[in-house]
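Here is the structure we will look at, set down as structure tokens.
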Amino acid sequence: MGRGRKIAKRFRGIEGPQPEGKKRFSQILDAIGADERRERVSVSDLMRAMDARAVAALILLFALPNVVPTPPGTSSILGLPLLYLTAQMMLGKLPWLPAIIADRSMTRADFNSFVGRVTPLLARAERLLKPRLLFITSATGERIIGGLCLVLAIVLAMPIPLGNMLPAFAISLMALGVLERDGLWVMIGAVMGVLSMIVVSGVVWALAKATIFLIVNAF
10 MGRGRKIAKR FRGIEGPQPE GKKRFSQILD AIGADERRER VSVSDLMRAM
60 DARAVAALIL LFALPNVVPT PPGTSSILGL PLLYLTAQMM LGKLPWLPAI
110 IADRSMTRAD FNSFVGRVTP LLARAERLLK PRLLFITSAT GERIIGGLCL
160 VLAIVLAMPI PLGNMLPAFA ISLMALGVLE RDGLWVMIGA VMGVLSMIVV
210 SGVVWALAKA TIFLIVNAF
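So the sequence shown is residues 10 to 228, counted in our numbering.
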């Protein structure tokens, strides 16, 4: 029983109080990049480093690149891990990814190049984050957040022109809120998510109308 309670406590998410001196996500990324014992950094390395916060951390990592314009097809590639991870958050499951994704790695130099671009922005955002509205990031709240992120991840993975940026931004805000137990940021991300789905649905409708118009006038 004692061992089972320890395991449950370790992986129950971030429902309870966080320990003093808990490292923030940007600090963990910097620490991994500074570890000279590593030649390469894999997705599974990040999962182990984040421990109980791995799901939200990986959701953030896979969502962030989609916030800026990317080459066609990028959102579909990054969207697949997001589908796995958001579904696991919704179901309250432990973080897991197929080996083909978990074993993907990059050189430490490439990882540091990526971290060098991302962590300054993350650090600025983290200074604005603080534990508040804790009921939103409770165990039940995280499942609801995971469900909304799953819907957004499905939209993100679809080949819609510029349809990945707003959903990715909304997912990133909610993932940051979960990581730092900031319910306000989760709420802002949720509102952004709803707005992004309205915008994307408008884009799809406009494309459908344009396609129908072209087909009708072609014959």
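Don't be surprised by glycine CBs; every beta carbon is placed ideally from N, CA and C.
- prompt: Excluding sequence positions up to five away, which residues of its chain have a Cβ less than 7 angstroms from the Cβ of R14?
  reply: The predicted model places R14 with a pLDDT of 43, which falls under 50 and marks its position as unreliable; any figure quoted below should be read in that light. Within the same chain, R14 has no close Cβ partners at all.
- request: Select from P140, V208, S147 and A40 the residue whose C-alpha is nearest the C-alpha of N121.
  value: Looking at the Cα atoms, A40 is the closest of the given residues.
message: According to DSSP, is V50 part of a helix, a strand, or is it coil?
response: Strand at V50.
Other residues of its chain near R117: CB distance less than 7 angstroms, five sequence neighbours each side excluded: G42, R47, E48, R49 and V50, listed in sequence order.
- prompt: Alpha carbon to alpha carbon, what distance is there between T220 and G30?
  reply: Note that G30 scores a pLDDT of 49, beneath 50, so its modelled location is shaky; the value from the coordinates is reported in the next line. Each residue's alpha carbon lies about 56 angstroms from the other.
task: Grab me the residues of V139's own chain with a C-beta within less than 8 angstroms of its C-beta, minus the 5 sequence neighbours each way, in chain order.
output: The identity of residue 139 in the sequence shown is Lys, whereas the question assumes Val. Within the same chain, K139 has close Cβ partners E189 and D191.
query: Which first and last residues belong to the alpha helix (DSSP H) in which M174 is found?
result: Counting along the chain, the unbroken alpha helix (DSSP H) around M174 starts and ends at M174 to L188.
message: Can you find the residues in the same chain that come closer than 7 angstroms, C-beta to C-beta, to S35, ignoring five residues on each side of it along the sequence?
response: Closer than 7 angstroms at the Cβ level, and outside the excluded window around S35, lie T128, L131, A132 and E135.
message: Assuming the contact rule is C-beta atoms closer than 8 angstroms, G230 and V164 should be a hit. Round their C-beta distance to whole Å, please.
response: This structure does not reach residue 230, given that the chain is present from 10 up to 228, and the question cannot be answered.
message: Can you list, in chain order, the residues of its chain with a C-beta nearer than 7 angstroms to that of L143? Leave out the 5 residues immediately preceding and following it.
response: Counting only residues of its own chain and dropping the five nearest sequence neighbours on each side, L143 has a CB closer than 7 angstroms to the CB of R190 and G192.
task: State the CB to CB distance for the pair L175 and V209, rounded to an integer number of angstroms; the pair is presumed to be in contact (CB under 8 angstroms).
output: With a beta-carbon spacing of about 7 angstroms, L175 and V209 fall inside the 8 angstroms limit used to define contacts.
query: Helix, strand or coil: how does DSSP classify M167 here?
result: Residue state, collapsed to three classes: coil.
task: Could you spell out where the beta strand (DSSP E) holding T116 opens and where it closes?
output: Per DSSP, the continuous beta strand (DSSP E) segment holding T116 begins and ends at S114 to T116.
- prompt: Should N226 go down as buried or exposed, given a rule of 16 or more other Cβ atoms within 10 Å for buried?
  reply: Classification of N226: exposed, given that the 10 Å Cβ count is below 16.
- request: Would you please state the rounded distance, in angstroms, between the beta carbons of I169 and V212? I believe it to be under 8 angstroms.
  value: Sure, about 6 angstroms apart at Cβ, within 8 angstroms.
task: Have a look at F71, A111 and A215 and flag the residue whose alpha-carbon is nearest the alpha-carbon of L185.
output: Distances from the alpha-carbon of L185 to those of F71, A111 and A215 put F71 closest.
field: D191 - partner residues in DSSP beta bridges
entry: Within the DSSP bridge table, the entry for D191 names R141 as partners.
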